[in-house]
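Taken in order, these protein sequences are the chains called H and Z.
In this text, residue positions in the first sequence follow the working numbering: the first is 1, and each later residue adds one.
In this text, residue positions in the second sequence follow the working numbering: the first is 240, and each later residue adds one.
Just so you know, even glycine gets a beta-carbon here, dropped at the ideal spot from N, CA and C.
Here the structure is laid out as C-alpha cells; the discussion comes afterwards.
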Amino acid sequence: MHIPDGYLGPHTYIAFWIIMIPIWYHAGNKLTAELKSRQVPLLALAAAFSFVIMMFNVPIPGGSTGHAVGGGIISIVIGPWASLIAISVTLVLQALIFGDGGITAIATNCFNMGLVVSFVAYYTYKLISGNSVITSYTRIIAAAIAGWLSLTVASLCAGFELGIQPILEHTAEGVPLYMPYSLSVTVPAMVLEHALAFSILEAVITAIIFAYIQRTDTSVFYGEKSEVEMNKMKREVIA
Amino acid sequence: MDKLTRNLAIGLALLIIIAPIGLIAAGTAYGEWESDELKDKIGYVPPGFEELSELWHAPLKDYNIPNGPSFEDSKPVASAGYILSAVIGGLVGGGLLYLIGKKVAKD
C-alpha cells in the first residue's frame, strides 16, 4: 500500500500534505500531553515493529504481494495518536532510506496506513469491546476485527486515491499523466486483495499479540488503569 | 525493562532474523510497479509518472545493500541486506521515538 512517486498527481499529494501537517501537529501535542515514562519503550517498539512487519511480503494468486501494517495492535496498546506518530516515522524512513513509498506520497501513505489504520482499529476495538472485561475473549475477537477492518478501510482509501488520478490528471488528449487505471479497477483490486488476504494476516497478528499482552499485563493497554492506579482509586472511594 | 517489554523486544528480534521470508514473494504490490512493469501493462509510461518517479533515489532501495543482487541472483546476500535493513529501520525508527518519548513523557 506504499504509493510510490509518480502514481499521484500534485493535486492529490499536495492536498494530503495539507491534511496531514495539522494532524501530525495535533498528534504531537496529544503525545506530549498523554505519554507516560513507562510507555516510552512500547512506543519505540511500536515503530520498530511496524517497520519490520511490513517487510513480510505475502504473495497472492495473480502475482501481486502485500503485507500487514501492525497498526491494529499498536493503536490498541499505545493509543491511536501515538500509533499515528510511530507509523508515520516508519513510513518516512521507508520512503527516504529504502525507496518504499514515494517522497511526494509520504503524507498520503501516512494518511492511509497511519491515520486511517490507527483510528479505524482503535475505535472498532473499543466499540466491539464495550464493557467486556479486559481479560475476556470478546476483546481478542474485537482486536482481530479491528485489525482486519483497519487495513481494509485503508486499502479502500488507497484504491480511491489511485483511481481518481485519470479523472484529475490527464493531457489535453485525455492520456493519464499518473496512475492510468480508473476507480472501477483500482478500488476492487486494492480492497479485495486486502480483505481476502493481507487484512486477515493483520487480524491474526493483532489477535495473537493482544492475547499475549492480555495474559501478561493488561495495564499497558491504552486507557486501562494499572493496578497501582486501581488501588489508589479504591482507597479514594472508601475514604 | 519489564518482562513484557523484554519479551516483545525478543519477539521483534526473532521477526528480524526471519524477515527474509518476505523476499520469497516475487511479485510487485498493486500500484507499486516500476516504470518498465507499467509499460508492460499499458503499453506506455504516463508522462507525469516518468518525471516524478525519478525524483528520489533511496540509498538502500528495496531493503537491499547499494547495488546489491536480487533475491533470485543471490539468496544469501539479498537476505543479509534485508536483515540489515530491518535492523537499521528498527533501530532508527525505534531509537527516534525512544528519544522523543523520553523528552516529552511525564510520570
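Query	Result
For the segment 296 to 321 of chain Z, enumerate the residues whose C-beta is nearer than 9 Å to any C-beta of chain H, in chain order.	His296, Ala297, Pro298, Leu299, Lys300, Asp301, Tyr302, Asn303 and Tyr321
Between the segment 69 to 78 of chain H and the segment 141 to 152 of chain H, are three or more C-beta pairs nearer than 8 Å?	yes
Determine the extent of the alpha helix (DSSP H) in which H/Gln94 is found, giving its start and end residues.	Pro80 to Phe98
On the DSSP letters alone, give me the boundaries of the alpha helix (DSSP H) that H/Gly130 sits inside.	Premise fails: H/Gly130 is in no alpha helix (DSSP H) and is neither H nor E.
Which residues mark the beginning and the end of the alpha helix (DSSP H) in which H/Met190 is found?	Leu183 to Glu193
What does DSSP give as the partner residue(s) for H/Gly66 in the beta ladder?	H/Val58
How long is the line joining the alpha carbons of H/Leu196 and H/Ile21, rounded to whole angstroms?	33 Å
Do the segment 129 to 143 of chain H and the segment 81 to 91 of chain H make contact, defined as three or more Cβ pairs closer than 8 Å?	no
Would H/Ala69 count as contacting chain Z if we go by Cβ distances under 8 Å?	Per the sequence shown, residue 69 of chain H should be read as Val rather than Ala. No, H/Val69 lies away from the interface with chain Z (no Cβ there is under 8 Å from its Cβ).
So, with DSSP's three-state summary, where would you put Z/Pro305?	coil
With C-beta atoms as the reference, is Z/Tyr321 less than 8 Å away from Z/Leu262?	yes
Suppose you measure from the CA of Z/Gly328 to the CA of Z/Trp272; what does that come to, to the nearest Å?	23 Å
By DSSP, does Z/Pro298 sit in helix, in strand, or in coil?	coil
Just the chain Z side, please: which residues come within less than 9 Å of H/Ser37 by C-beta, in chain order?	Gly340, Lys341, Ala344, Lys345 and Asp346
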